[in-house]
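Everything on this sheet refers to the single structure shown next.
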Amino acid sequence: MTSPAYPSYAGFRFPAEVISHAVWLYFRFPLSLRMVDELLAARGIFVSHETVRQWARKFGQVFANQIRRRLPRAGDKWHMDEVVITISGVRRWLWRAVDQTGRVLDILVQSRRDTRAAKRLMRKLLKRQCRAPRVMITDKLASYGAARREVMPSVEHRRHKGLNNRAENSHQPTRRRERQMKRFKSPGQAQRFLSAHDGINNLFLLRRHQVPATQYRAARSQAFQVWDDVTGIAAAA
Numbered sequence: 001m002t003s004p005a006y007p008s009y010a011g012f013r014f015p016a017e018v019i020s021h022a023v024w025l026y027f028r029f030p031l032s033l034r035m036v037d038e039l040l041a042a043r044g045i046f047v048s049h050e051t052v053r054q055w056a057r058k059f060g061q062v063f064a065n066q067i068r069r070r071l072p073r074a075g076d077k078w079h080m081d082e083v084v085i086t087i088s089g090v091r092r093w094l095w096r097a098v099d100q101t102g103r104v105l106d107i108l109v110q111s112r113r114d115t116r117a118a119k120r121l122m123r124k125l126l127k128r129q130c131r132a133p134r135v136m137i138t139d140k141l142a143s144y145g146a147a148r149r150e151v152m153p154s155v156e157h158r159r160h161k162g163l164n165n166r167a168e169n170s171h172q173p174t175r176r177r178e179r180q181m182k183r184f185k186s187p188g189q190a191q192r193f194l195s196a197h198d199g200i201n202n203l204f205l206l207r208r209h210q211v212p213a214t215q216y217r218a219a220r221s222q223a224f225q226v227w228d229d230v231t232g233i234a235a236a237a
């Protein structure tokens, strides 16, 4: 069996535990870089907010990719939605797809809200998930139907705004981060950050109000164990 590939921390002054904890804080909670800097300082770890930013950029997507490979297969009901975001005074559209559990499947920042943009999202989803869904749920935007007929013609399509609350709710963490970061600086930065942000948060998508406390704690412990594994802490222990 091939051993898992762990991220390399060669050349970094701080150990994997510190770097991975800083990255976890930044992507898991609506904290600014300076807030993460201060939380680390409270524990006697003195780094600049620019160092935290570099760690997040280098390791965030790496950790998210490893998490995606370890999570169970996504559900067969895909909810898709798009929301407007303003970047440098220009309106952009954030397209997102989640499954029936709320797990984010993919995001795509685009300049348009049309059939071509919807097709790009669907093709990206099919490439990553390696299969089509059983059901696709969207709002009443006509672009979804036109794109589905070309990209996924055999998939059942349900169009109803009330059915798509799962996807609409998934935008809320993005809105919180957008406010904290005082808006995204560029489409590329938004794409990079949100891809890593959603991928990492998928691991900690635990429905506390739906399960007994003991089951929730066990699931949370398992999530932290996976985090230690993907960041290489478990191997170094």
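Residue numbers (our numbering): 1 to 237.
For each residue, glycine too, the CB sits at the ideal point set by N, CA and C.
C-beta contact flag for Leu205 and Tyr216 at 8 Å: The answer is no: Cβ separation not under 8 Å.
Comparing the C-beta of Phe12 with each C-beta of chain B, is any distance below 8 Å? Chain labels in this structure do not include chain B; a single protein chain is all it has.
Would you report the Cα separation of Val62 and Pro30, rounded to the nearest angstrom? Spanning the two alpha carbons is a distance of roughly 20 Å.
Along the chain, where does the alpha helix (DSSP H) containing Asp139 start, and where does it finish? Per DSSP, Asp139 belongs to no alpha helix (DSSP H) and is neither H nor E.
Pick from Tyr144, Lys140 and Ser111 that is closest to Arg123, judged by C-alpha positions: When each option's Cα is compared against that of Arg123, the closest is Tyr144.
Please give me, in chain order, every unbroken run of the beta strand (DSSP E) with length at least 3 that falls completely inside the segment 65-128. Complete beta strand (DSSP E) runs here, min 3: 77-87, 90-99 and 104-110.
Report back the beta-carbon spacing between Pro153 and Lys77 to the nearest angstrom; my notes put them in contact at under 8 Å. With 8 Å as the limit, Pro153 and Lys77 do not qualify as a contact, their Cβ atoms being about 18 Å apart.
Segment limits, beta strand (DSSP E) that includes His157: Glu156 to Arg159 is the extent of the beta strand (DSSP E) around His157.
My assumption, with CB atoms under 8 Å, is that Ala74 sits in contact with Ala118. Please give the rounded CB distance. Actually they do not touch by this definition, with Cβ atoms about 19 Å apart.
Within 8 Å, strictly: CB atoms of Gly60 and Val18: Inclusion of Gly60 and Val18 in the CB contact set at 8 Å is not warranted, their separation being larger than that value.
Going by DSSP, what residues sit across from Val135 in a beta bridge? For Val135, DSSP records a beta bridge to Lys77 and Glu156.
Quick check: Ser186 and Ser48, are their CB atoms within less than 8 Å of each other? No.
DSSP three-state label for Trp227, please. It is helical.
Cβ distance (whole Å) where Thr231 is taken to contact Pro7 below 8 Å: Contact flag correct, Cβ pair sits at about 7 Å.
Using 8 Å as the threshold, is the segment 179-193 in touch with the segment 100-109, meaning 3 or more CB pairs across them? The way I'd put it, the segment 179-193 does touch the segment 100-109; three or more beta-carbon pairs between them come closer than 8 Å.
Counting only the same chain and skipping the five closest in sequence on each side, list residues whose C-beta sits under 7 Å from that of Arg53. The answer, listed in chain order, is Leu33.
So, under 8 Å CB-CB, Arg113 and Ile137 are touching, yes? Tell me the CB distance rounded to an integer number of Å. 18 Å between Cβ atoms; not a contact.
Within 10 Å of its beta-carbon, does Val90 have 16 or more other beta-carbons around it, so buried, or fewer, so exposed? With fewer than 16 other Cβ atoms within 10 Å, it is exposed.
Whose C-alpha, out of Asn201, Ala16, Ala223 and Arg176, is nearest the C-alpha of Ile85? Closest by alpha carbon: Arg176.
Which residues in the same chain as Arg161 place their Cβ atom closer than 6 Å to its Cβ, once the five residues preceding and following it in sequence are excluded? Here residue 161 is Lys; the residue named in the question, Arg, does not match the sequence. Annotation for Lys161: Asp139 place their beta carbon closer than 6 Å to its own, counting only its chain and skipping 5 residues before and after.
Classify Ala16 as helix, strand or coil using the three-state DSSP reduction. Here DSSP, grouped into helix, strand and coil, assigns Ala16 to helix.
Which one of Val83, Ile233 and Ala223 has the shortest CA to CA distance from Arg28? Of all alpha-carbon atoms in Val83, Ile233 and Ala223, the one lying nearest the alpha-carbon of Arg28 is that of Ala223.
Taking its Cβ as the centre, do 16 or more other Cβ atoms sit within 10 Å of Gly11, making it buried, or is it exposed? Burial call: exposed.
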